[in-house]
Amino acid sequence: MIRGILKTGAVALLAGAAFAGAAQAGGFNRGTADTDILFETGRFVSRNSVTVVAPSLDIDSINGAPSSGYEAKTYMIPSFAAKIGVSDNVSCAATYTTPFGANSTYAGLTVGGAPVGRDPLSVTGSVSQEFITREFGGTCAVGFNLGRGRLSILGGVFVETLDFDQRINSGAFNFHLEDTGYGYRIGAAYEIPEIAFRTQLMYRSALTHDATGNVTLVANGATLVPNAIGNAPFPQSVEFKVQSGVAPGWLVYGGVKWTDWSVFESLNYTATAPSSLNFFWRDGWTINAGVAHSFTEKLAGTVGVTWDNGTSTGYDLSSLETWTVSSGISYKANDAVEIRAGAGYSFISAGTQNYFDSGVPGESTPLPGAKHQAAGHAVAGSLSMRIKF
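So the sequence shown is residues -25 to -1, 1 to 364, counted in mature numbering (1 follows the signal peptide of the UniProt record, and there is no 0).
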């Protein structure tokens, strides 16, 4: 009984972690640091994975005129984690992932059948924009026996880098910003191993990126503004997760995550002139639940569902309500190697942008129905390998 439940506990992480960013739900959310590796048995454990997400979204009208050709780009979420058991009561892990990102282009946009090739509601004539953050972290867990189980106190720090690129003025200029920021995470967990029970609460701190960069003329590579600047706050978050064995070979799991996206009002920057990308998001809520089952000593599987409320409030279309269904399998080749694979499908609701950036930092001009995005979807696939000894 106990053996079957514990084998299922390993694969239950797959659905909750692999597809957290399946449709860029909840603001710019993508990957989450794999601190769950701290609960793996073994003196040394490593887990590496990659998730590929392919959104299918289109803006079907602008100012009432039919449009098409907007594209949200396919992206990849890498994850690396390595845990070392320092002693029977202390373990530490190094992690890497890309927690936030976005990548979209208007290069193929048409409005009313005529090619436009840029965002017609952008004062800078934006053709495309992409940003990515990369997180390098270290987290430790200190455990104590308590009652039937074990209490662990978690804590660590992380370094987050930011790279932002935008083609502006109808594509005539490349605008680049970069920065490095620092943050921390703290939490606690309680486990009862004999029934594969674990409950965990984790806090990730906010940080502000004060980025610097330049604007380069695309035609000849000349640097026009060598001291371009930009700043934006990135949100704090709190996540609660729970799992428990319920029968031989069966485990249920779920979680809820709050992200303080309302702090992210604008990305203020100076390229050729002071301006901003205005978002004025509301806070994000993500809820997931699922069930996992051990079919044999080597093979287990899981299915789960995730709902995200979306954070957009009419100033943009980058985060709308999303439902995701995901599944995964785990194959244990031997005592040291386990391979996991998963797939997910997200339904993304339709939405309307009712404001456009005015050109004055932090200000937007009301324009009801300025953009309408049709309902869309995203598909995702994930592959990972765990090695322990």
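All residues carry an ideal CB built from backbone N, CA and C; glycine is no exception.
### Message
In this structure, how does DSSP classify Trp236 when only helix, strand and coil are distinguished?
### Response
Correct three-state label for Trp236: helix.
### Task
Just the C-alpha distance for Arg125 and Tyr165, rounded to the nearest angstrom, thanks.
6 Å
### Query
For Phe255, which residues of its own chain have a beta-carbon under 7 Å away from its beta-carbon, when the five flanking residues on both sides are left out?
Glu240, Thr288 and Tyr290
#### Entry: Tyr71 versus Asp94, Ala77 and Ser21, residue with shortest Cα-Cα distance
Ser21
### Query
Starting from Asp11 and walking both ways along the beta strand (DSSP E), at which residues does that stretch end?
Here Asp11 belongs to no beta strand (DSSP E), and DSSP marks it neither H nor E.
### Task
Can you give me the start and stop residues for the beta strand (DSSP E) that Leu137 sits inside?
Gly124 to Ile143
### Message
Taking 8 Å as the threshold (C-beta atoms), are Phe106 and Phe148 in contact?
### Response
no
### Query
Do Leu137 and Ala186 have their CB atoms nearer than 8 Å?
yes
### Message
Give the list of continuous alpha helix (DSSP H) stretches no shorter than 4 residues that lie fully inside the segment 8 to 73.
### Response
DSSP assignment within the segment 8 to 73 yields no whole alpha helix (DSSP H) run of 4 residues or more.
### Query
Among the residues of its own chain, which have a CB less than 7 Å from the CB of Ile12, if the five just before and after it don't count?
Here the set comprises Val20, Arg22, Ala56, Lys58 and Ala68.
### Query
To which residues does DSSP link Gly334 through a beta bridge?
Bridge partners of Gly334: none, in fact.
### Query
Per DSSP, what kind of secondary structure is Gly(-5) in: helix, strand or coil?
Note that Gly(-5) scores 41 on pLDDT, short of 50, meaning its location in the model is unreliable and no value can be drawn from it.
### Task
For the segment 216 to 227 and the segment 303 to 310, state whether three or more C-beta atom pairs, one from each stretch, are separated by less than 8 Å.
no
### Message
So, with DSSP's three-state summary, where would you put Glu169?
### Response
helix
### Task
Can you grab the Cα-Cα spacing for the pair Arg123 / Asp63, in whole Å?
17 Å
### Task
Following the continuous beta strand (DSSP E) through Thr274, name the residue where it begins and the one where it ends.
Here residue 274 is Leu; the residue named in the question, Thr, does not match the sequence. It spans Leu274 to Asp283 - the beta strand (DSSP E) in which Leu274 sits, taken as one unbroken run.
### Message
Using a 10 Å radius around the Cβ and a threshold of 16 neighbouring Cβ atoms, would you call residue 365 buried or exposed?
### Response
Residue 365 lies beyond the range of the chain shown here (-25 to 364); nothing can be said about it.
### Query
For Ala355, which of helix, strand or coil comes out of DSSP?
strand
### Task
Compute the distance between the beta-carbons of Ser144 and Gly100, then report whether it is under 8 Å.
Reading the sequence as shown, one finds Asn at residue 144 and not Ser. Taking 8 Å as the Cβ cut-off, Asn144 and Gly100 qualify as a contacting pair.
### Task
Tell me whether Arg361 is buried or exposed, calling it buried when 16 or more other Cβ atoms sit within 10 Å of its Cβ.
buried
### Limits of the beta strand (DSSP E) - the one that Phe322 falls within
Val312 to Ile323
### Query
How many angstroms separate the CA atom of Gly92 from the CA atom of Tyr81?
6 Å
#### Entry: Cβ-based neighbour list, Val280, same chain, cut-off 8 Å, excluding 5 preceding and 5 following
Answer for Val280: Asn263, Ala264, Gly265, Trp298, Thr299, Val300 and Ser301, listed in chain order.
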